[in-house]
Structures are given as C-alpha cells and as structure tokens.
Amino acid sequence: METWLTALIVCGLYLIITLITGLLTGRNISKSVTGFVAGDRSMNVVVLYFVMGASIFSAFAFLGGPGWAYSRGAAAYYIIAYGIVGIIPLYFFGPKTRRIGAKLGFVTQAELLSHRYGSRLLSVMLALLSIIVFIPYLTLQMKGAGYILETISDGYIPDWVGALITYSIVLIYVFRSGVMGIGWTNAFQGVFMMIIAWFLGLYLPNKLYGGVGPMFEQLAAGEWNDMLAAPGLTSSGAPWDWWGFSSAVVVSAFGFSMWPHLFMKSYAAKSDRSLRLTVVLYPTFQIFLVPILLIGFSGIIAFAGVSPADTIVPHILKQESIGLSGWIVGLVCAGTLAASMSSGDAILHAAASIGIRDGVNKMYPDLLNDQQQRKWIQVLIIVISAIAYYFAVFSEVGIVQLLLGSYGGVAQIFPLIFAAFYWPRGNGKGAVAGLVAGLVVNMFFLIQPEFKPFPMHEGIYGLLANILVFVTVSLLTPPEPLEKLKLYTHLAEEEAPAAV
Amino acid sequence: MPGHPEIPKGPVFFTHDAPAAYKRRRILFALLVLLCSLSTIWPIYPLFSKTYPLVFSLPFSLAWLVILLLVTMAGLTWLYQADHKSS
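So the protein lines, in turn, are chains Y and B. When the letters of the first sequence are read in order and numbered with the numbering used here, they come out as residues 634 to 1133. When the letters of the second sequence are read in order and numbered with the numbering used here, they come out as residues 3 to 89.
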C-alpha cells in the first residue's frame, strides 16, 4: 500500500481514538478549571518536567522550526538562542510566584499582578492581552494540523478541512473533559516525540547525504552557503541582519517565561526545589530542537521548491525515496498532530478561563455564579477557536512569524513581573500606564514597520516605551502599601532607605 | 510630594540580611547569564557565526549555541546545588 495512505490511516486512527476518549471521559469542565490548575499544587519534578517541556512540543517546533531551517537557514537558530536564556527568569520568579500563590490562593498570572499593583483594571487588561496573544499561537497550531493532513493526503484533504476536523475534535475534548492530557499522557507524548526527533534528525541526513557533517559540507560547498552563516536569510532570500535576529531573540527571551499558561505552572509545583530543578533540567528539552532543525536542513538540497516551507516535514516524510514505512510516517504525523492538539487545547483552555476569571469576573464581580462562569468559559472557547480558525484559513502568515508577532505582546508583561518582585517603588498607576504604552507602541510598529528607526522587532520599542512610562509614572505617584510590598519584595521593616 | 523614606527608588534584589555568599553567587550568575545572552546575539555571536569548523558535525554557528546551552545548564546546575545544599 502507498506510504501516504498508510500514514493517513494511522493519523485517522489516532484522531478517532482521541475523539472517542474525549467523548467517553466526560469529566466536568468546572472540575478542570479549578482542579487542573489550582488543586494540583503538588506536581513533582518528573511531572513538571514533562508538562513544561510539552509546551515546546507544538506545531511551532515541529513544523515552523524546520520550515525556517529549510527556507531561511541559520535564521532558525534564533529559536534555540532564545530558549537558552528564556527559561532562566522562571528560576527566580517561579518560587516567589508559587509561595505567594499558595498563601493567597492565586492560580493565574493576572491575579498575582492585579494584587501586587492594586488594580482590577490591570487584571482586565492582562486578560484581554492574554486572549489576543493566544490567538496567533492557536492559529499556528491549527495551520500545522491542516498542513500535516493535506500533505500526507496529497491534497485530498485540503488544509482548511484538516484543521477543521482536528480542532472540532479538540473542542469536543475540551468541553467534555478539560485539557487533553497532563502529567502522564504528556510524558508519553513527550518521550515519543523526543525519540522521533532524534531519530529523524540523524536518519534523514544519513539517508540523503551520508551523514550530518557531509550534509552541511555539501550545503556549504554549494549555492546554499549563505544560509548556514548566522543570521541566515529573510523570507525573501536576502541576508538577514543582526538587528532583526538579535531583537527576535531578545523579545522572545523576555516573553518566553511570561506566557500566561506557562507562568501559571509555577503555582502547580510541589515545592520551590522541584520548580527550580525543572528549570535546571529544561535545556535537555531545548537540545532536541537541534535534530528538529536538521530535518529542515535535510530538505534543502534533496527537495527543493517545497512551498509553503512549513510543510517541509510532512513532505519529506512521505517521499518514497526516504525509505520509511507508512506506519512510521503515520506515527510521526500523528505525534505532530498530538503536539499541535495538546498545545492547542491548553492554550484554548487557558485563554478562556483567564478571559472569564481575570477579565469578566474582575469587571463585573457579582455578575456570574459558578455555573454561569462555566457556561461562559465554554462560549469563550468557541469564540476564540472560531477567530483563530478564521485566521488559520485566511491568513498567509507563516507559523514562526505568527508566534514571533505574538511575542511582542507577551514580552510587555516582563517589566511588570520583574518590578513586582524587585522594584518596590513600582505601583499600579505606573504598571497600567507602562503596559498600555508598551502595547500601543508594539502594535504601532507591528502594523507600520516602515516607521521603525532601526529594523528591530517591534517588541523592543514596546519594551522601551513600557519601561520608560512605568518608571516615570510610578515615581510621580504614591507607592503601594508597605505591608503588601513586604510580601512581594525583599523590603523589610528595618530596611535602611537606599539612596539610589 | 510626600517622601516615602521606607521605600527606595531603586531596585531591591536582596534582603538586608542576605549572606554575602548568597549575594556573590547571585551576582556571579547574573554576570554569566548576561555574558551568555550577549553571546546569542550581536555583538558576540557574529564573532562565532561562520560555518566552519564543524563541531559535533554541526556548522560552528549552530554548535556555538549548543555550547552556550551546555554552559548555561552548567551554571544553573551550580546555582541550584549551592542554593539547595542544606536541604
């Protein structure tokens, strides 16, 4: 039987199994909203490691990364670069968040920030921001799912149909039983995809070029040499500049630990120690991005002209010349679908519950009772899915570009978190003003890039505006109450005023 | 505008009674992170951004990042060990 047909059947089986599991499990969503996030303040290192690691197992890593390696060469290295430093803030912020959360009963990022800065408005703004940045993140997962099924089926299943089928299943699952899998299912998926990544990353260069080294030597000797020198190429094939590369790394590094759904995992940890150990071990996840990029590189010479570049992975997999059986191809594609779906439903879940808990509830505190909240979370889940799906179908923006755009927004949260713990003088008025300034500037340069003084990611300009306004407004207005500051920062009663 | 003598204008990274060894560790680590961060972007990365020599069969521009990953992991491990020595 044709490779692609076997692969398609395997994917289909996977989707059916997921659907059936979703229909049968039937845990009520309210149990998930509070239970999943709050009840579990007991995740140990092993579970935390895989839950956190699973956050980088998504269509971004499996399709977008290789897509960039395939079309832009060394530009894809930025993904590895920002992960190196990006996780580190969590080592310091995580334990503080966990302790305060345990003490005051917080389960979201916005709850912590709105308490620290004494501002309900901030909570609503953060809720809105979270939803806005989650949408492109969700869109790229849907695109990824669509690409896999379309490529594997040789176009019989158009990408919009593939995305629709996949995410209808996700919707059903999320409605019935909350998040697709935490803990052990993530662990299984994680191990599986790690093995696959290493296997393919080494197998493909060996099969096609006689080895990883020979592959790069051939690329360097040919017309593709420019691709290999950092910072690689732009989407149009011209050399990328260090402004662009560096700013993409910086903005992503600041934003990485600020993703609300990742940040709030801090609350779930059993102890500071398990949280920190997870951070220490995280590079062992990061490293698997290397073979993933190798998969992308392996396509450059052997399979020129594949478009869109984000489809390069399923494209390579289904080639007969690769010599992989349909079962393996199917398993890998199903694994990538799983990665997309599990990231997708975690994002959906987080976005909707943050939207209600931190947004609507804070704006209209006594409006909704528990049951109504549940209902509105479900409504929001549908609305967000629909918006994300619309963009998945009609927007031409690539997978990596979608996430990179979102990062400008997420990174604006960093100054607020940093100041929450390390700058007592930072207050609510400053935080709100800074966030607004950062987001406005970020959005402006996102839509009108021609106005940028330097060709940097718009998030940098946002951060500069953010910090400037935050500091200025905070210093000009009264600080937060001392008692509260002592809870969040290292300020103490006997602290001598530092003349800074 | 009233003054706020108890609340300093600048950042506060340590409690006033934090042990010197603890502070030293943190500052050293911060410097390491700064160095590693700069090594992933301009101005340090460009110095190591060529294709050759191949290290671990990878172009040097990629191997450089792998090396940095290992360095930060080592640094984090050191910090973690020191932080949790007593527990």
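We put the CB at the ideal spot given by N, CA and C, even for glycine. These numbers were taken from a predicted model, which means no experiment stands behind them.
- Between R753(Y) and M75(B), the alpha-carbon positions lie close to 38 Å from each other.
- According to the DSSP assignment, I29(B) belongs to the alpha helix (DSSP H) that extends over 22-41.
- Three or more beta-carbon pairs separated by less than 8 Å link the stretch 66-75 of chain B to the stretch 907-920 of chain Y, which places the two stretches in contact.
- Shown here, L1001(Y) sits in coil according to DSSP, grouped into three states, outside any helix or strand.
- In this structure, DSSP gives A902(Y) an extended state, which the three-state scheme calls strand.
- Between V1016(Y) and S1039(Y), the alpha-carbon positions lie close to 19 Å from each other.
- Just measuring C-alpha positions, the residue of P791(Y), W876(Y), A687(Y), L981(Y) sitting nearest Y47(B) is W876(Y).
- A check of alpha carbon separations from G846(Y) across S931(Y), P864(Y), A871(Y), I765(Y) identifies S931(Y) as the nearest.
- Cβ-Cβ separation between L927(Y) and P838(Y): approximately 6 Å, consistent with a contact (criterion under 8 Å).
- Under DSSP, V57(B) shares a beta bridge with L60(B).
- The beta carbon of K87(B) sits no closer than 8 Å to any beta carbon of chain Y.
- Secondary structure remark: continuous alpha helix (DSSP H) runs of at least 4 residues inside the stretch 692-751 of chain Y, in chain order: 698-705, 710-719, 721-737, 742-749.
- Per DSSP, reduced to three states, the secondary structure at L1068(Y) is helical.
- Residues of chain Y whose Cβ lies closer than 9 Å to the Cβ of L60(B) are, in chain order, V845, G846, F849, V923, L927.
- Of the other Cβ atoms in all chains shown, 16 or more fall within 10 Å of the Cβ of P924(Y); this residue is therefore buried.
- Annotation: L67(B) to F849(Y) spans about 16 Å, alpha carbon to alpha carbon.
- Looking at I642(Y), L755(Y), T772(Y), A687(Y), the one whose alpha-carbon comes closest to that of Y1023(Y) is T772(Y).
- Chain-order list of chain B residues neighbouring T1122(Y): V14, by C-beta distance under 8 Å.
- A707(Y) reaches chain B at S63, counting residues in chain order whose Cβ is nearer than 7 Å.
- Bridge partners of P872(Y) according to DSSP: L866(Y).
- Against chain Y, the beta carbon of V35(B) has neighbours under 7 Å at V718, I721, listed in chain order.
- Within the model, the alpha-carbon separation for A1066(Y) versus L1120(Y) is close to 23 Å.
- Secondary structure in the stretch 966-1035 of chain Y: the alpha helix (DSSP H) runs of 4 residues or longer, each lying completely within the stretch, are 1003-1027 in chain order.
- Excluding the 5 residues flanking it on each side, L1036(Y) has same chain C-beta neighbours closer than 8 Å at F693, G697, P769, Y770, L773, in chain order.
- Not flagged as an interface residue toward chain B: N677(Y), since no C-beta distance is shorter than 8 Å.
- Cβ-Cβ distances below 6 Å link S63(B) to S51 in the same chain, with the five nearest sequence neighbours on each side left out; the list follows chain order.
- Against chain B, the CB of S879(Y) has a partner CB under 8 Å away; the residue lies at that interface.
- DSSP, reduced to helix, strand and coil, places M897(Y) outside both helices and strands of the structure shown, so it counts as coil.
- Rounded to whole angstroms, the gap between the alpha carbons of A937(Y) and Q851(Y) is 14 Å.
- Around W875(Y), the beta-carbon contacts reaching into chain B at under 7 Å are W44, P48.
- At a cut-off of 8 Å between C-beta atoms, I920(Y) counts as an interface residue with respect to chain B.
- Scanning L1115(Y), G1041(Y), A971(Y), Q1011(Y) for the CA closest to the CA of G645(Y) turns up A971(Y).
- Here DSSP, grouped into helix, strand and coil, assigns M891(Y) to coil.
- Annotation for Y715(Y): V882, S885, A886, F889 place their beta carbon closer than 7 Å to its own, counting only its chain and skipping 5 residues before and after.
- Membership of G846(Y) in the alpha helix (DSSP H) is indicated by the continuous run 845-854.
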